[in-house]
Amino acid sequence: MHAFLDAPAVARTLAPDEPVILNRPHAAARAARFFATKFPGKSLYAVKANPSPDLVQILWDNGITHYDVASIAEVRMVRATLPDATLCFMHPVKTASAIREAYFTHGVRTFSLDTIEEVEKIVEATTDVEGNRATDLRLCVRLRVSSEYSELSLASKFGIDVADAGELLQATRQVADWLGVCFHVGSQAMTPFAYVQALERARAAIAAAGVVIDMVDVGGGFPSSYPGMEPPPLEDYFAIIHRHFEALPIAYNAELWCEPGRALSAEYNSLIVKVEKRRGDELYINDGAYGALYDAAHVAWRFPVKAIAKDGERSSELKEFSFYGPTCDDADFMEGPFMLPADIKAGDWIEVGMLGAYGAAMRTAFNGFGGGEVVMAQDEPMASLYTGRKDPRVSDNVVSLR
8 MHAFLDAPAV ARTLAPDEPV ILNRPHAAAR AARFFATKFP GKSLYAVKAN PSPDLVQILW
68 DNGITHYDVA SIAEVRMVRA TLPDATLCFM HPVKTASAIR EAYFTHGVRT FSLDTIEEVE
128 KIVEATTDVE GNRATDLRLC VRLRVSSEYS ELSLASKFGI DVADAGELLQ ATRQVADWLG
188 VCFHVGSQAM TPFAYVQALE RARAAIAAAG VVIDMVDVGG GFPSSYPGME PPPLEDYFAI
248 IHRHFEALPI AYNAELWCEP GRALSAEYNS LIVKVEKRRG DELYINDGAY GALYDAAHVA
308 WRFPVKAIAK DGERSSELKE FSFYGPTCDD ADFMEGPFML PADIKAGDWI EVGMLGAYGA
368 AMRTAFNGFG GGEVVMAQDE PMASLYTGRK DPRVSDNVVS LR
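Heads up: the sequence shown is residues 8 to 409, going by my numbering.
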């Protein structure tokens, strides 16, 4: 994989007509070390955020030993990449065949669930051919909690209501060697209070069940920095979580877990796209709703952007733009607004930052698009929660290739 100083160097050297993904291994390594050393418990990387084997290896090399896998394909990939990693199958609804393969072939012992039917499925799928039930299951009951403090909700699909959780916790305790509770406050939680509220619901469920709890998993939701979304320091989240965890009615040696996805991967990737056409304040670019800019289209996510002029300098005056992607669909539209030079034109390139989470992972080949090179960049991401950097490029938004 070629290494370049930064996005302008990529554009200057390759003059790409296809989108180019820029990997920043040093940024992912820094994020991994931060969670591995500062979170007061175990950090599981949520693989769905970016299932790149290269990224998974970087995280492992920098202290992340546990991985939240949500499909048998993720189980296979992480196990093939990291033979010694601890894999936790945290999707609450799994096929029996996936559970069986994960347990017997890949050594998975930790499974999430939110119904008694899933408990029974896990027990049956992990029973051996001689009829012996597994005695080493580590089961996590997922609670439903609020997503009101997060940018993207995860409150409706999974999780048992706290009022109904007592019976499920008791039943799960009977077949589990090790019992946990888990929840997810939603993606991009903008205040640490999201976890306070969720931990109070966990407290109520645990107290009602009257069972011994060996682990509390506060899930994901740890944020990254985007235009208009600048969260508090992650240390604030860690401190509040630890304080409220310590007050829970749980075993004295209970473990605290978390499942960062976005926070570990967002700074790993950016993307260079080419402006193919300008129509007023709309730019036609070569990636979009069916590619790495899925979130920009479908949930109106505003990513940081930086213009790379093909010839000469561009205006320092910034203007709001929206994007159209390369496919034939009207739905391939990203409203933004994205702040770019007022005189940007066809032939220029744009670097779109902070795409490591749910960006590169969402690319498809719909309509024949989705190709392009992957290279390494040595500069810093457009924003970082690990260096104290906001977005230093907002006011200096043009780089000339002359």
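For every residue, glycine included, the Cβ atom is placed at its ideal position computed from N, Cα and C.
With a cutoff of 8 Å on beta-carbon distance, L186 and L255 are scored as not near each other. Taking a contact as a CB-CB distance under 8 Å, the pair Y52 and D75 counts as one, their CB atoms being some 7 Å apart. Rounded to the nearest whole angstrom, the CA to CA distance from P388 to V225 is 27 Å. Restricting attention to F376, P311, P90, the CA atom closest to the CA of S391 is found in P311. DSSP lists Y291, F340 as the bridge partner or partners of Y331. Given a length threshold of 4 residues, each whole run of the alpha helix (DSSP H) inside the segment 63-88 is given here in chain order: 79-88.
Taking all protein chains shown into account, I123 has fewer than 16 neighbouring C-beta atoms within 10 Å of its C-beta and is therefore exposed. The beta carbons of N30 and Y275 sit closer together than 8 Å. Per DSSP, the unbroken alpha helix (DSSP H) holding I129 starts and ends at 123-132.
The DSSP assignment places 241-253 as complete runs of the alpha helix (DSSP H) inside the segment 224-255, in order along the chain (cut-off: 4 residues).
For E380, there is no enclosing alpha helix (DSSP H), as DSSP marks it with neither H nor E.
Under the three-state reduction of DSSP output, Y301 falls in the helix class. Across the set A87, T88, L120, L94, the C-alpha of L120 shows the shortest separation from the C-alpha of A103. Looking only at D24, A22, A35, P26, the smallest Cα-Cα distance to Q385 is reached by A35. In this structure, the alpha-carbon of N139 lies about 32 Å from that of C265.
The way I'd put it, the segment 15-32 doesn't touch the segment 243-255; fewer than three beta-carbon pairs between them come closer than 8 Å.
In chain order, I65 place their CB closer than 6 Å to the CB of P32, counting only its own chain and leaving out the 5 sequence neighbours on each side.
Inter-segment contact for the segment 209-216 and the segment 168-178 is present: three or more beta-carbon pairs are separated by less than 8 Å.
When secondary structure is reduced to three states using DSSP, V203 falls in the helix class.
Q177 carries a helical assignment under DSSP once its states are collapsed to helix, strand and coil. Residue range 103-111 is occupied by the alpha helix (DSSP H) that includes I106, with no beta strand (DSSP E) assigned at that position.
Taking the Cβ atoms as the reference, H113 lies roughly 15 Å from L144, outside the contact range of under 8 Å. Distance from E262 to M222 at the Cβ level is roughly 5 Å; contact confirmed, criterion being Cβ atoms closer than 8 Å.
Looking at the DSSP output, P348 bridges to L325.
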